[in-house]
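S.K.: Take 409 as the starting number for the sequence shown in the numbering used here and just add one per residue. Note that CB positions come from ideal geometry on N, CA and C, so glycine has one too. Predicted model, so just to flag it, every value in this text is computed and none were measured.
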Amino acid sequence: MNLYSHPTFDMACQQFDLVADRLAISADDRARLKFPKRSMSVSVPVKMDDGHTQVFAGYRVQHHLTLGPTKGGLRYHPDVTIGEVAALAMWMSWKCALTGLPYGGAKGGVTCDPRKMSMGELERLTRRYTQEMIPFIGPQIDIMAPDVGTNEQTMAWMMDTYSMHAGYTVPSIVTGKPVSLGGSLGRRESTGRGVAYLINRAMDTLGLEASRCTAVVQGFGNVGAVAAHSLARFGVKVIAVGDASGAVMNRRGLDLQRLDAHVRETGQIISFEEGEAVPVETLLETPCDILVPAALERQITSANAGKIQCRIIGEGANGPTTPEADEILTQRKDIFVIPDILCNAGGVVVSYFEWVQDLQSFFWSESEVMDKLFRILEGSFNQTLNLAKKDGISMRLAALTLGIRRLQEAKKIRGLFP
Ligand code: NAD
Numbered sequence: 409m410n411l412y413s414h415p416t417f418d419m420a421c422q423q424f425d426l427v428a429d430r431l432a433i434s435a436d437d438r439a440r441l442k443f444p445k446r447s448m449s450v451s452v453p454v455k456m457d458d459g460h461t462q463v464f465a466g467y468r469v470q471h472h473l474t475l476g477p478t479k480g481g482l483r484y485h486p487d488v489t490i491g492e493v494a495a496l497a498m499w500m501s502w503k504c505a506l507t508g509l510p511y512g513g514a515k516g517g518v519t520c521d522p523r524k525m526s527m528g529e530l531e532r533l534t535r536r537y538t539q540e541m542i543p544f545i546g547p548q549i550d551i552m553a554p555d556v557g558t559n560e561q562t563m564a565w566m567m568d569t570y571s572m573h574a575g576y577t578v579p580s581i582v583t584g585k586p587v588s589l590g591g592s593l594g595r596r597e598s599t600g601r602g603v604a605y606l607i608n609r610a611m612d613t614l615g616l617e618a619s620r621c622t623a624v625v626q627g628f629g630n631v632g633a634v635a636a637h638s639l640a641r642f643g644v645k646v647i648a649v650g651d652a653s654g655a656v657m658n659r660r661g662l663d664l665q666r667l668d669a670h671v672r673e674t675g676q677i678i679s680f681e682e683g684e685a686v687p688v689e690t691l692l693e694t695p696c697d698i699l700v701p702a703a704l705e706r707q708i709t710s711a712n713a714g715k716i717q718c719r720i721i722g723e724g725a726n727g728p729t730t731p732e733a734d735e736i737l738t739q740r741k742d743i744f745v746i747p748d749i750l751c752n753a754g755g756v757v758v759s760y761f762e763w764v765q766d767l768q769s770f771f772w773s774e775s776e777v778m779d780k781l782f783r784i785l786e787g788s789f790n791q792t793l794n795l796a797k798k799d800g801i802s803m804r805l806a807a808l809t810l811g812i813r814r815l816q817e818a819k820k821i822r823g824l825f826p
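1. Is the beta carbon of residue 732 less than 8 Å from the beta carbon of residue 759?
2. Work out the CA separation of residue 726 and residue 749 for me, nearest whole Å.
3. Is the stretch 690-708 in contact with the stretch 623-630, if contact means three or more CB pairs nearer than 8 Å?
4. By Cβ distance, which residues of its chain are closer than 6 Å to residue 678, with the 5 residues on each side in sequence left out?
5. Roughly how many angstroms lie between the CA atoms of residue 413 and residue 682, to the nearest whole one?
6. One question on the structure: do residue 398 and residue 551 come within less than 8 Å of each other, judged by their Cβ atoms?
7. In chain order, what residues of the same chain lie with their CB nearer than 6 Å to the CB of residue 470, ignoring the 5 residues before and after it?
8. Is residue 581 near residue 566, with beta carbons less than 8 Å apart?
9. Which term fits residue 798, buried or exposed, when burial requires 16 or more other beta carbons within 10 angstroms of its beta carbon?
10. For the putative contact between residue 692 and residue 716, defined by C-beta atoms under 8 Å, what is the C-beta separation to the nearest angstrom?
11. How many Å lie between residue 568 and residue 583 at the Cα?
12. In the DSSP output, which residue or residues are listed as bridge partners for residue 551?
13. Could you check the C-alpha separation between residue 419 and residue 674 for me, to the nearest Å?
14. Taking the DSSP output, what are the residues bridged to residue 485?
15. Looking at residue 626 and the ligand NAD, is the gap between the Cβ and the nearest heavy atom below 7 Å?
16. Taking C-beta to C-beta, are residue 646 and residue 656 nearer than 8 Å?
17. Quick check: is any heavy atom of the ligand NAD less than 7 Å from the C-beta of residue 712?
18. Please list, in chain order, all residues of the same chain as residue 548 whose beta carbon is under 7 Å from its beta carbon, the five residues on each side excluded.
19. Among the residues of its own chain, which have a CB less than 6 Å from the CB of residue 714, if the five just before and after it don't count?
20. Would you tell me roughly how many angstroms separate the C-alpha atoms of residue 585 and residue 598, rounded to the nearest one?
21. How far does the beta strand (DSSP E) with residue 626 in it extend, from its first residue to its last?
22. Given this structure, state the Cα-to-Cα distance separating residue 746 from residue 575, to the nearest angstrom.
23. At the level of alpha carbons, what is the spacing between residue 670 and residue 753?
24. Run through DSSP, which three-state label would residue 612 get?
25. Ends of the beta strand (DSSP E) at residue 453?
26. Cβ of residue 599 versus every heavy atom of the ligand NAD: is any distance shorter than 7 Å?
27. Less than 8 Å between the C-beta atoms of residue 636 and residue 664, yes or no?
28. Out of 803, 795 and 695, which one is the CA nearest neighbour of residue 658?
29. Rounded to the nearest angstrom, what separates residue 743 and residue 611 at their Cα positions?
30. Closer than 7 Å to a non-hydrogen atom of the ligand NAD - does that hold for the CB of residue 586?
31. Leaving aside the five residues before and after residue 486 along the sequence, list all residues of the same chain whose C-beta is less than 8 Å from its C-beta, in chain order.
32. So, using beta-carbon positions, are residue 434 and residue 815 closer together than 8 Å?
33. Would residue 762 and residue 546 be called neighbours here (beta carbons separated by less than 8 Å)?
34. Can you find the residues in the same chain that come closer than 7 Å, C-beta to C-beta, to residue 680, ignoring five residues on each side of it along the sequence?
35. Based on the DSSP output, what are the partners of residue 701 in its beta bridges?
36. Is the separation between the beta-carbon of residue 509 and that of residue 764 shorter than 8 Å?
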């Protein structure tokens, strides 16, 4: 399908086809399972601070509607295209099915550079994008959440815009919003904490001791920073961290509190004085025990997969590993991969909890949220590991198989309307 033509969409399709071949899914069912149910493309005119009007391209892709409303993040990034958004929506579908959530996958995006926009411009962009999307979203239709370049404030503006339109307050229209507006305790930290929890499970599986392990983290935003802190809390030494500006390393271990303060002050990692600068291109090849790609897609490729020197890859980002790199990693028996749809599922699981709390207007303590989250992650990890061992396949293939199979069964039981 040309509409979605993009290397990331091709990659998601390749992954799907591998599983469809294994499960001997018929050609008719493949097309139904693979291609997005609905895609929206909108022009978003925004009055910029200098007085001119700029029109941004905005998208929302709802991958399938079989199990409930769709759910997925909203990304602000200069490289956003409908193909990338469609791939991310597809991965959300498998992730929700793997973890047993009553959702289909979705994703949204606006092609913009949020780092070059003022708060006022971002607010106007967000409100107008939400306004354009109102016919397609709703607490029982499609629920957004933060992703790269968006945050709690973005969700607050979306919730306010939707509520002004409805005429009453609708907290359940978005998740990942501030706790003061009906957000869930623990949502902000959920993805990164989930990543660290599963890495800890993988360390147990491999017989590694956290206090003897080192970690390298690519991306120091919501997912990467929280994952780094959580790993450090388990006793892991975080020796190198990178973001879009560059990367720093300190073999004795980076002081993450000071790095946080530096990033808050300067907006970037580069120039952090308590670490030496390292080239971003080779960050992922730094010798370590745990590697956490937590930035963007297609970072581990056929060019660097053979050079990676770690025991565990915990995929915080969505789609950080290309299928070609995946083949190399699968052949390398020295690396245990926790695939994205499992590893970063903590975010959507707590988003689900937030939605449930909003719908009931009944809120849970942080420990209740975390306890329920870890139980779901534990179950999904065990199911994935068991299938991988039983069938002699990679953790990624096992996780995708579980997710796709669940959806295939649901579609079969519902039948084809009319
Ligand atoms: P974010 O915007 O908070 O942070 C992104 C980080 O990546 C920033 O530190 C940025 O500087 C860095 N980055 C961007 N381009 C880079 C590059 N070329 N090289 C190195 N670093 C780069 O985003 P986030 O919410 O932390 O999301 C990160 C990843 O995790 C994305 O793949 C996202 O889809 C995925 N994810 C996020 C959530 C969530 O709850 N936020 C949930 C599941 C998955």
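M.R.: Let's see:
1. no
2. 7 Å
3. yes
4. 653 and 654
5. 43 Å
6. Residue coverage of the chain in this structure runs from 409 to 826, which leaves residue 398 outside it and unanswerable.
7. 445, 446, 478, 514 and 550
8. yes
9. exposed
10. 6 Å
11. 13 Å
12. 479
13. 35 Å
14. 519
15. yes
16. no
17. no
18. 477
19. 736
20. 13 Å
21. 622-626
22. 44 Å
23. 29 Å
24. helix
25. 446-455
26. yes
27. yes
28. 695
29. 11 Å
30. no
31. 519, 520 and 521
32. no
33. no
34. 656, 667 and 670
35. 626
36. no
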